[in-house]
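Counted from 1, the sequence shown has number 320 at position 168 by my numbering; the numbering is strictly sequential.
The C-beta atom is built at its ideal place from N, Cα and C for all residues, glycine as well.
A quick write-up on the structure given underneath.
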Amino acid sequence: MTDPPAAARSVLVLYATADEPFVRGFLVPALGAAPGQSVEARDVTQLVVADLETTLAAGRVVLEVITPAFLVGPWSAQVEQIAAGAALDQRIELIALHVEDCSLPLHIRYKEMLDFRSRGDWDGEVEHLRSYLARPPPVEEVLPCPYPGMRPFQAVDARYFHGRDAEIAAVVALVTGGEREIYLIGPSGSGKSSLINAGVLPRLAAQPGAPALVARTMRPGDAPLRRLADCLEATAADAAAVAAWSARHAGARLVVFVDQLEELFTLAPRAEQDGFAAALRALRDEPRVLLLLAVRADFYAELMQSPLWLDGRRRHVDLPPLRGAALREAIELPARALDVYLEPGLIERLLADAAGEPGVLPLLQETLVQLWNHRRLRLLTLAEYEALGDGGRSGLAVAISSRADRCLHDMTPAQAVIARRLLLRLVSF
Numbered sequence: 153m154t155d156p157p158a159a160a161r162s163v164l165v166l167y168a169t170a171d172e173p174f175v176r177g178f179l180v181p182a183l184g185a186a187p188g189q190s191v192e193a194r195d196v197t198q199l200v201v202a203d204l205e206t207t208l209a210a211g212r213v214v215l216e217v218i219t220p221a222f223l224v225g226p227w228s229a230q231v232e233q234i235a236a237g238a239a240l241d242q243r244i245e246l247i248a249l250h251v252e253d254c255s256l257p258l259h260i261r262y263k264e265m266l267d268f269r270s271r272g273d274w275d276g277e278v279e280h281l282r283s284y285l286a287r288p289p290p291v292e293e294v295l296p297c298p299y300p301g302m303r304p305f306q307a308v309d310a311r312y313f314h315g316r317d318a319e320i321a322a323v324v325a326l327v328t329g330g331e332r333e334i335y336l337i338g339p340s341g342s343g344k345s346s347l348i349n350a351g352v353l354p355r356l357a358a359q360p361g362a363p364a365l366v367a368r369t370m371r372p373g374d375a376p377l378r379r380l381a382d383c384l385e386a387t388a389a390d391a392a393a394v395a396a397w398s399a400r401h402a403g404a405r406l407v408v409f410v411d412q413l414e415e416l417f418t419l420a421p422r423a424e425q426d427g428f429a430a431a432l433r434a435l436r437d438e439p440r441v442l443l444l445l446a447v448r449a450d451f452y453a454e455l456m457q458s459p460l461w462l463d464g465r466r467r468h469v470d471l472p473p474l475r476g477a478a479l480r481e482a483i484e485l486p487a488r489a490l491d492v493y494l495e496p497g498l499i500e501r502l503l504a505d506a507a508g509e510p511g512v513l514p515l516l517q518e519t520l521v522q523l524w525n526h527r528r529l530r531l532l533t534l535a536e537y538e539a540l541g542d543g544g545r546s547g548l549a550v551a552i553s554s555r556a557d558r559c560l561h562d563m564t565p566a567q568a569v570i571a572r573r574l575l576l577r578l579v580s581f
């Protein structure tokens, strides 16, 4: 590039809507922060011709992100006016950033042109640009990862939980309608725990006039009655325990979330199953208690045949696997909450690779954690996802394999022997 401008000036980045991830996810953060030098990014589709004179009056370095989307559209009049202004006003410097293959407008005279078409050249080209603009390199940001990986979302993750608005609304509607025992039924890996923790409970707590909620989570295990009593901070799960709990938590409502209810049928003795069902029947008649129970869909038959289901008073919400627009929200919106972007091509590839995979949601979240850890400033790229791939396996498949390898590596020798036997049984029968 030629020598930098004599005096530091503000920078205006013009781009098409489709190129927002590159601009706001990579380019603007890569330009760094410099005292007295602002960087403004504006979508060219939102520019109004009448505003351009004011936009350019102060004299700026104007960066145009050149892609087919930028060059073709009804906003060409704005692009032409900017070029004309730069030709007449020496205070305006017009620089082209060639981001995608396309024919450059030969009639527009750019002071400089930088080639960003190859992802491998981004760092070098933006370093040239920073040098020209006399801007320091960006300060490395430490951003919390909005994806939980293999663990469920928790209440503190509520701002990152997306894609389940309909199911959250369905559960909340049942609660506000007076239901006190609600079952959530879905396949393994569909996000039942996350829906309750990061969706339903925060939504209930945010309702105007709602009582304070005290949520307790339990898994039945082989001693469901004892664990239910622990939720009540008592030695037994009965009306007296509820009354004592209410006295200690005046004005509050107890929410008991029974996660992985299928353990009741696989781990608990029959006497424990019957006692647990009786205790739940007693608790559901207490207006100060709300029961939320999550069960895998493949245990629906056992649930319907159990004492929990006998009197026909059950209300349940089905939780199908995330697909389509809802899955897209779950992929994209957590990052956007932190002003981080995913390349459109990455989103489409993740959707394609996840299609038809049973129980893929936690595995997809684990893949997104790995992509987050390899992001380029505020941009998650398709190139990084493809780099995760191995031969004929997708990045999603490799991320799953890597997670399994780490789990095996962390096991003790005795645990590894058990895991090997278990895995061999799974593939042998």
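Arg400 versus Ala386, Asp411 and His468, residue with shortest Cα-Cα distance:
Ala386
Consult DSSP for Tyr312 and reduce its assignment to one of helix, strand or coil.
Note: Tyr312 maps to helix in three-state DSSP.
Determine, using beta-carbon pairs with one atom in the region 428 to 435 and one in the region 298 to 307, whether at least three such pairs fall under 8 Å.
no
By the DSSP assignment, the alpha helix (DSSP H) with His250 in it spans what residues?
Segment Glu245 to His250 is the beta strand (DSSP E) holding His250; no alpha helix (DSSP H) there.
Could you give the first and the last residue of the continuous beta strand (DSSP E) run that contains Ala364?
Ala364 to Met370 is the span of the beta strand (DSSP E), which, as asked, contains Ala364.
Using the beta-carbon count (16 or more within 10 Å), is Asn525 buried or exposed?
exposed
Taking contact to mean at least 3 C-beta pairs separated by less than 8 Å, is the region 499 to 509 in contact with the region 466 to 485?
yes
Alpha-carbon spacing of Pro376 relative to Ala431, whole angstroms
10 Å
Can you tell me the Cα-Cα spacing of Pro473 and Glu264, whole angstroms?
50 Å
Find out if the Cβ-Cβ distance for the pair Leu215, Val165 is shorter than 8 Å.
yes
When burial is assigned at 16 or more other CB atoms within 10 Å of the CB, is Leu314 buried or exposed?
What sits at residue 314 in the sequence shown is His, not Leu. Buried, by the Cβ-count rule.
I'd like to know if Asp542 contacts chain B, where contact means its C-beta is closer than 8 Å to some C-beta of that chain.
The structure shown has no chain B; it contains just one protein chain.
Buried or exposed: Gly276, going by 16 or more other Cβ atoms within 10 Å of its Cβ?
exposed
Leu578 - DSSP class collapsed to helix/strand/coil
Helix.
Within the continuous beta strand (DSSP E) that includes Asp195, where are the two ends?
DSSP places Asp195 in the uninterrupted beta strand (DSSP E) bounded by Val191 to Asp195.
Assuming Gly351 and Arg378 are in contact, meaning their beta carbons sit under 8 Å apart, how far apart are those beta carbons, in whole angstroms?
With a Cβ gap of about 29 Å, Gly351 and Arg378 do not count as contacting.
Are at least three pairs of beta-carbons, each pair with one atom in the region 322 to 329 and one in the region 279 to 295, less than 8 Å apart?
no
Spatial neighbours of Ala158 in its chain, beta-carbon cut-off 8 Å, leaving aside the 5 residues before and after:
Low per-residue confidence applies at Ala158: pLDDT is 44, beneath 50, and the placement is therefore not dependable enough to give any value.
Return the bridge partner residues of Leu166 from the DSSP annotation.
Arg194 and Glu216
Nearest to Ala549 by CA position, among Leu578, Val569, Leu513 and Ala571, is which residue?
Here the closest residue by C-alpha is Leu513.
Cβ neighbour criterion (16 or more within 10 Å) applied to Asp374
exposed
Where the alpha helix (DSSP H) through Ile483 begins and ends:
Gly476 to Arg488
Counting only the same chain and skipping the five closest in sequence on each side, list residues whose C-beta sits under 7 Å from that of Met563.
Ala571
Have a look at Ser162 and Val213 and give me their C-alpha separation to the nearest angstrom.
Distance from the CA atom of Ser162 to the CA atom of Val213, rounded to whole angstroms, is 6 Å.
Measure how close the beta-carbons of Pro105 and Asp426 come, nearest whole angstrom, since I'm counting them as under 8 Å.
The chain is shown only over 153 to 581; residue 105 falls outside these bounds and no answer can be derived.
Below 8 Å between beta carbons: does that hold for Val180 and Ala193?
yes
Would DSSP call Asp542 helix, strand or coil?
Residue state, collapsed to three classes: strand.
Between Ala477, Arg261 and Asp411, which lies nearest to Gln233 when the distance is taken from Cα to Cα?
Arg261
Beta-carbon spacing of Glu538, Gly547 below 8 Å:
Contact flag set, yes.
Buried or exposed: where does Pro510 fall if 16 or more other Cβ atoms within 10 Å of its Cβ makes it buried?
exposed
Taking just the CA atoms, how far does Phe178 sit from Val492?
9 Å
Determine whether the beta carbon atoms of Leu445 and Arg405 lie at a separation below 8 Å.
no
What number of angstroms, rounded off, separates the C-alpha of Glu424 from the C-alpha of Gln457?
16 Å
Within the region 317 to 397, note down every full alpha helix (DSSP H) run reaching 4 residues or more, in order along the chain.
317 to 328, 353 to 357 and 376 to 383
Start-to-end residues for the alpha helix (DSSP H) that takes in Leu240:
Ser228 to Leu240
I'd like the ranges of any beta strand (DSSP E) spanning at least 3 consecutive residues and lying wholly in the region 408 to 464.
Those beta strand (DSSP E) runs which fall completely within the region 408 to 464 and span 3+ residues are 441 to 448.
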